[in-house]
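Participant:
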Amino acid sequence: MGRSPCCEKAHTNKGAWTKEEDERLVAYIRAHGEGCWRSLPKAAGLLRCGKSCRLRWMNYLRPDLKRGNFTDEEDEIIIRLHAILGNKWSLIAGQLPGRTDNEIKNYWNTHIKRKLLARGIDPQTHRPLGSAEAAAPGVVAHRAAALLHATTAPALAAAAARTLAAKPTPAASSSDDGARSTSTSTSSGGGASTGEPRCPDLNLDLSVGPPPAADTPPSQPVCLCYRLGLRAGEACGCQADKPGAGGFRYFRPLEQGQYI
DNA sequence: AATACTGCCAACCGCGGGGCA
DNA sequence: ATGCCCCGCGGTTGGCAGTAT
Numbered sequence: 001m002g003r004s005p006c007c008e009k010a011h012t013n014k015g016a017w018t019k020e021e022d023e024r025l026v027a028y029i030r031a032h033g034e035g036c037w038r039s040l041p042k043a044a045g046l047l048r049c050g051k052s053c054r055l056r057w058m059n060y061l062r063p064d065l066k067r068g069n070f071t072d073e074e075d076e077i078i079i080r081l082h083a084i085l086g087n088k089w090s091l092i093a094g095q096l097p098g099r100t101d102n103e104i105k106n107y108w109n110t111h112i113k114r115k116l117l118a119r120g121i122d123p124q125t126h127r128p129l130g131s132a133e134a135a136a137p138g139v140v141a142h143r144a145a146a147l148l149h150a151t152t153a154p155a156l157a158a159a160a161a162r163t164l165a166a167k168p169t170p171a172a173s174s175s176d177d178g179a180r181s182t183s184t185s186t187s188s189g190g191g192a193s194t195g196e197p198r199c200p201d202l203n204l205d206l207s208v209g210p211p212p213a214a215d216t217p218p219s220q221p222v223c224l225c226y227r228l229g230l231r232a233g234e235a236c237g238c239q240a241d242k243p244g245a246g247g248f249r250y251f252r253p254l255e256q257g258q259y260i
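In this text, residue positions in the first sequence follow UniProt numbering: the first is 1, and each later residue adds one.
Below, the structure is given as structure tokens:
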């Protein structure tokens, strides 16, 4: 087939963005909004490919980005979500307003992995280090799929289930610096599951039963964030306290014996 | 002071999926 | 039904800054 290159590479700049380029991009998006990234560079007078423009905007120039260090609370949210979703950085980022997938990915590889290792937890499997058992792909995938069976957010659930089915605890980046310095004792996946929680210090039981202090019966759709112990206005980006409002991320637990 | 090493992060690359003709 | 186009994602790389020797 052969996909054509995304841009005329010979006529595009690469590498770090200059202040002028940033200003042009911001000015254009302010005036026209985010639109077709492929045609944006030309329209904005930038010698960049559309992908580069999108990345620069998404990861650096967007006005709603939260700059600065991650809080401990954000750390814990990332860890919890990673235990369920694996390296689905965009999904994780979706739960952390103002943070980008790239930022979270970098932060994971440089900080959180080390943090987990210091706690004696394998950052890949979220199991105690030294444990002979690794998470069983099938079991984990099925469990995640069940937990994330979506009603109004099929993409999220499907992506999570797909990911975990394909690679339940995706290997960390093999070449990045964080991995270079920390990814030594991790297992390569596979092996039998004992049913033991992947991360014993985290309550990841999202599958059944009402959430804490919930007045919703188990069969009701349940917000993933809510099940993770988040609340709207906190790190949770949805509006779990406003039923019926848009932007919900609801997940309905499967009935007993139900499979996806 | 110079050099080597390490950590961090912005940016790039290639692929997969969805939409559309 | 098929193929193309575009977007978005995850993995990876490169360069800069800080630290150690």
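Glycine included, C-beta positions come from ideal geometry on N, C-alpha and C.
Here the structure is a predicted model, which is why all the values come from computation and not from measurement.
If we ignore side chains and look at the alpha-carbon of each, how far apart do alanine 44 and lysine 115 end up?
Facilitator: 43 Å
Participant: In three-state DSSP terms, what is residue 304?
Facilitator: There is simply no residue 304 to check, as the chain begins at 1 and stops at 260 in what is shown.
Participant: Could you name the residues that DSSP lists as bridge partners for proline 128?
Facilitator: Ile121
Participant: Look up alanine 16 in the DSSP assignment and say whether it is helix, strand or coil.
Facilitator: coil
Participant: Starting from glycine 50, follow the alpha helix (DSSP H) in both directions and report where the run begins and ends.
Facilitator: 50-56
Participant: Is aspartate 64 helix, strand or coil by DSSP?
Facilitator: coil
Participant: Go through its chain and collect everything with a Cβ distance to glycine 75's Cβ below 8 Å, but skip five positions before and after it.
Facilitator: Checking the displayed sequence, the identity of residue 75 turns out to be aspartate instead of glycine. Here the set comprises His111, Ile112 and Lys115.
Participant: Looking at C-alpha atoms only, which residue of Trp89, Ala118 and Leu117 is the closest neighbour of isoleucine 104?
Facilitator: Trp89
Participant: Taking buried to mean at least 16 other C-beta atoms within 10 Å of its own C-beta, is serine 39 buried or exposed?
Facilitator: exposed
Participant: Could you spell out the range, first to last residue, of the alpha helix (DSSP H) harbouring arginine 38?
Facilitator: Unbroken run through arginine 38: none, as it is neither H nor E.
Participant: Identify, in the order they occur along the chain, each residue of the same chain with its Cβ nearer than 8 Å to the Cβ of isoleucine 78, setting aside the five sequence neighbours on each side.
Facilitator: Closer than 8 Å at the Cβ level, and outside the excluded window around isoleucine 78, lie Phe70, Ile92, Leu96, Ile104, Tyr107, Trp108 and Ile112.
Participant: Using the Cα positions of tryptophan 57 and lysine 66, report the straight-line distance between them to the nearest angstrom.
Facilitator: 13 Å
Participant: Is the CB-CB distance between aspartate 22 and leucine 61 below 8 Å?
Facilitator: In contact: aspartate 22 and leucine 61 (Cβ atoms closer than 8 Å).
Participant: State the CB to CB distance for the pair arginine 48 and asparagine 13, rounded to an integer number of angstroms; the pair is presumed to be in contact (CB under 8 Å).
Facilitator: For a cut-off of 8 Å, the C-beta gap from arginine 48 to asparagine 13 is around 6 Å, short enough to register as a contact.
Participant: Please list the terminal residues of the continuous alpha helix (DSSP H) segment that includes leucine 85.
Facilitator: 72-85
Participant: Does the beta-carbon of alanine 31 have 16 or more other beta-carbons within 10 angstroms, so that it is buried, or is it exposed?
Facilitator: exposed
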